[in-house]
Amino acid sequence: MSDDYNDEIHESKNGHDFYKHSRDDKIWQVETPGECGPYLFSFDQETIFNFWTDYPDKLTPEQIEIFKKENPTMAELK
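Residues in the sequence shown are numbered consecutively from 0, following numbering that gives the first Met the number 0.
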């Protein structure tokens, strides 16, 4: 049985729990247990972005390209 999340990586840093689905991913997602709505992510586990309020205006052009590559469905929403 194939599981797309077999390689999922979890790390805790600065009071946040981060995860990504593959070692090759550049973007860390921030776990928000019990919350529905925020889509938080980070490139460096230091700066945390909220997709709904920060994308694409607060990202660099390089970060935008990475986001589009790793999250094309989300990127199309905006």
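Each residue gets a CB set at the ideal place from its N, CA and C atoms; glycine is no exception.
Item to complete: Helix, strand or coil for residue 75, going by three-state DSSP, please let me know.
Response: helix
>> Mapping the DSSP letters down to three states, classify residue 12 as helix, strand or coil.
In response: Looking at residue 12 - three-state DSSP - the assignment turns out to be strand.
(request) Spatial neighbours of residue 15 within its chain, please: CB distance less than 6 Å, with the 5 preceding and 5 following residues excluded, ordered by chain position. (result) 29
| query | In three-state DSSP terms, what is residue 63? | reply | helix
*asked:* Taking the alpha helix (DSSP H) that residue 50 belongs to, which residues open and close that run?
replied: 50-53
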